[in-house]
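Per the working numbering, the sequence shown starts with residue 138, numbered consecutively.
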Amino acid sequence: MDKHVLLRDLDTPNIRELNVYQANEGYAAWRKAVGGMKPDEVIQVVKDSGLRGRGGAGFPAGVKWSFLPKDVFPKYVVVNGDESEAGTFKDHQLIEKNPHQVIEGVALCAYAVQAATAYIYLRGEFYEPSRVLQQALDEAYAAGLLGKNIQGSTYSLDIYIHLGAGAYICGEETALLESLEGKLGQPRLRPPFPAVQGLYAKPTVINNIETLANVPPIVLNGAQWYRQFGTEKSPGTKIFCVSGRVNKPGNYELPLGKHTIRELIELAGGTIDGRPVKGILPAGSSAPILPASALDTKLDYESVQAAGSILGSASFVILDDTVDIVWAARKMVRFFKHESCGKCTPCREGTHWALKLYDKIVSGHGSLHDIIMLLEVGNGMANKCFCLLGEFATSPILSTIKHFRTEYEQFVREHQGGRANGYHDELMRDHAIVDHAIAGAPGEHGSSG
Ligand SMILES: Cc1cc2nc3c(=O)[nH]c(=O)nc-3n(C[C@H](O)[C@H](O)[C@H](O)COP(=O)(O)O)c2cc1C
Ligand code: SF4
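Spelled out as C-alpha cells, the structure:
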C-alpha cells in the first residue's frame, strides 16, 4: 500500500482543509454521484466493493443500504461516532484530521438511500472533534456541497452533529437511536430493524465513521480498485488501533489479511523493553483474549474468528508478561458493570456479581471455588442478555479463565488470607469513585442521551 486510503493526513498535510482536500480528489466522488449516478448505482458499487462495517459486526455496508424500503419517506442516515470501546481511537483521528472524507462518505450514503437528513452522533467527550467537524460542515455548506439543490441537482441534504453523554451503551445502534431521540439510551427490541423502523420509526441506515470514510474512494475509483486491498471476504484497508504495552501506540492503516498480529506489534515499535507478549485483546474489552500462540494470526475478520476471538473495531490492546491477567480481567468487568444500562437482569446482575467475585479475589480473600463461581456467572449470562453489551461482558471472564486458569489459581493461592498485593489502594479508589457517582447522580447508569 503506497498511500493511505483513510489516514490520508499522514500523506497530505492539512487535508482537513477544504481546499487541500479538493485539490486531492476530495468531493470528486460526490460530484460524480450527484451529477449523474442513480442512487441504486451508488449502492451497487458499494455492494460490489464488499466493504464491511467497521463498527464491530463487519456487516456488508451496501447490503445494509439495500434493505431500506424505496417508497417510505423520510429516511435517515445516522453515523455512529460514539467510539467508546476501550482502546478504540480511529474515528477520532478521521474526524479531526480528515473530516471532509467523513462528510463526503455520509453524503454519498444519504444520496444512495435518498435520505435528506443525516445525523453524526459523537461521544459526549468529543468536544474538539465536534468543533473540527462542524467547521468542515460549514465549509462544505458554503461551497454548495451540502444544503438545498446540491450542485444544481434536485437533491438536498442537511447534516447535523449530535453529542451524546458519554455512555458506552449509546454506541449500540438502537440505544444510540433512543439517545438521539432524546430518550434514555437503552437498546430496542429487534425486529423491527432500523432499516425498516429506525430513527423516529422511519427507515434508517446506521454506519460507523470509518465505514463511511471508505465510500468516497470506492465511488470514485470503483469496486475493483478497492478490492486490490484485502482479501476476498475482507476487502479494503482497516485502521488498527494499537495500545497497551507497546512502544508506539497509535493508529495503523493496513490492508486486511496481509499482515499478522506479530507484524502489527512490530509496526507499533514492539513491546516495551522487548518483553514477551502474554495476551492480545483484538477488540478492546469486548473480544475474547487471545494467548501469545495466536501472534501469527492474519489480520482479517475470518482469521481472528478462527483463532477464537473477533476483529470487531480492531482495537488491539497488547498485554505483556508484566500484566497481571486477574487484575486486567477485573478492570474490564468493572467497566462493563459500570456501563450496563440495567435494562435486563442477566447483564445488570451478572456484571454486579462478577465484579464482587473479582474484588474478593483481588483483595486477597478469594478461594479456588470463586473461580468456578466466576465461570458460573459468565456462563449464566452468555446468550441470555438483551443486547451484545452483556455478551461482551462475559469475554473477559470466560476467555481469561480459559487461557490463564493456572494464573488465576496461582493468584488466589499467593494472595489468600488478604496478604498485601498492591491492589488495595486501587480497589479503595474504585469504590470511592462509584460511591461518589451514586451519591451525586440520579442513577448509577449514566446512559441517558
Ligand atoms: C455495546 C455496544 C457498543 C457499540 N459501540 C459502537 C461504537 O462506539 N461505534 C460503532 O460504530 N459501533 C458500535 N457498536 C456497533 C453498532 O451497534 C453497529 O453495529 C454499528 O454502528 C454499525 O455500523 P457498521 O455496520 O458501519 O459497523 C456497538 C455495539 C454494542 C453492542
Ligand atoms: S445486556 Fe446490559 S446493556 Fe444490554 S440491555 Fe441488558 S442490561 Fe442493558
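Idealized CB from N, CA, C, for every residue including glycine.
With a threshold of 7 Å, establish whether the CB of residue i neighbours any heavy atom of ligand 2.
i    : result
R485 : yes
S423 : no
S477 : yes
L526 : yes
I534 : no
F523 : yes
I447 : no
K480 : yes
I426 : no
I455 : no
Say yes only if the C-beta of residue i is nearer than 7 Å to one or more non-hydrogen atoms of ligand 1, and no if none qualify.
i    : result
S221 : yes
F472 : no
T374 : no
R325 : no
F330 : no
N384 : no
N344 : yes
E80  : This structure cannot settle anything about residue 80, because the visible part of the chain is limited to 138 through 586.
F377 : no
A255 : no
A244 : no
E563 : no
F196 : yes
I306 : yes
F529 : yes
N217 : yes
T397 : no
T348 : yes
G199 : no
E262 : no
E315 : no
E310 : yes
May I ask you to list the residues that DSSP assigns as paired with residue i?
i    : result
P197 : R189
L147 : Looking at the DSSP assignment, L147 forms no beta bridge with any residue, so it has no partner.
Y545 : DSSP, once it has assigned bridges, lists no residue as partnering Y545.
A420 : S422
V414 : D457
G218 : L259
P428 : G416
Y213 : T254, T341
Heavy atom of ligand 3 less than 7 Å from the Cβ of residue i, yes or no?
i    : result
R191 : Ligand 3 is not among the ligands present in this structure, which contains only ligand 1 and ligand 2.
Going along the chain, which unbroken runs of the alpha helix (DSSP H) with 4 or more residues stay wholly within the region 430–486? Counting only runs of at least 4 residues, the region 430–486 fully encloses the following alpha helix (DSSP H) elements, listed from N- to C-terminal order: 438–443, 462–476.
Threshold first: 3 residues or longer. Then list the beta strand (DSSP E) segments lying entirely within the region 234–317, N to C. As summarised for the region 234–317, the continuous beta strand (DSSP E) elements at least 3 residues long and confined to that stretch are 254–259, 295–300, given in chain order.
Unbroken stretches of the alpha helix (DSSP H), 4 residues or longer, contained in the region 317–360: Within the region 317–360, the complete alpha helix (DSSP H) segments of 4 residues or longer fall at 346–350, 352–358, listed in chain order.
Could you say if the region 335–345 and the region 209–219 meet the contact criterion of at least three C-beta pairs nearer than 8 Å? A contact exists between the region 335–345 and the region 209–219.
Please list the segments of the beta strand (DSSP E) lying wholly inside the region 363–412, counting only runs of 3 or more residues, in order along the chain. Here the runs fully enclosed are 374–381, 387–392.
Is there contact between the region 464–475 and the region 397–411, where contact requires at least three CB pairs shorter than 8 Å? Because the criterion of three Cβ pairs below 8 Å is not met, the region 464–475 and the region 397–411 do not touch.
Do the region 230–237 and the region 189–196 make contact, defined as three or more Cβ pairs closer than 8 Å? No, the region 230–237 does not touch the region 189–196.
Which runs of the alpha helix (DSSP H) at least 4 residues long sit entirely within the region 149–188? Give them in chain order. Counting only runs of 4+ residues, the alpha helix (DSSP H) found wholly inside the region 149–188 occupies 155–160, 165–173, 176–186, in chain order.
On the three-pair Cβ rule with 8 Å, is the region 361–373 touching the region 199–208? Taking 8 Å as the limit for Cβ pairs, the verdict is that the region 199–208 does not touch the region 361–373.
Is the number of C-beta pairs between the region 291–305 and the region 498–506 that are closer than 8 Å three or more? With the cut-off at 8 Å, the region 291–305 and the region 498–506 do not touch.
Three or more C-beta pairs under 8 Å: does that hold for the region 448–455 against the region 488–500? Contact between the region 448–455 and the region 488–500 is absent, because fewer than three Cβ pairs lie under 8 Å.
Are three or more beta carbon pairs between the region 241–254 and the region 175–187 nearer than 8 Å? As far as the Cβ criterion goes, the region 241–254 touches the region 175–187, which means the pair count is three or higher.
Any 3 or more C-beta pairs closer than 8 Å across the region 302–316 and the region 519–534: Cβ pair count under 8 Å is three or more, so yes.
Tell me, please, whether the region 348–361 touches the region 328–335 by the rule of three or more beta-carbon pairs shorter than 8 Å. In this structure the region 348–361 does not touch the region 328–335; the number of beta carbon pairs closer than 8 Å is below three.
Would the region 276–283 count as touching the region 256–264 if we require 3 or more Cβ pairs under 8 Å? Touching, no, given that fewer than three Cβ pairs across the two stretches are closer than 8 Å.
Say whether the region 444–453 touches the region 463–470, bearing in mind that this needs 3 or more beta-carbon pairs closer than 8 Å, one atom from each stretch. Not touching, per the Cβ criterion.
Give a yes or no on contact between the region 370–386 and the region 403–421, applying the rule of three or more CB pairs nearer than 8 Å. Between the region 370–386 and the region 403–421 there are three or more inter-stretch CB-CB distances shorter than 8 Å, so the stretches are counted as touching.
Do the region 421–429 and the region 219–229 touch if we need at least three Cβ pairs shorter than 8 Å? By the criterion of at least three beta-carbon pairs nearer than 8 Å, the region 421–429 is in contact with the region 219–229.
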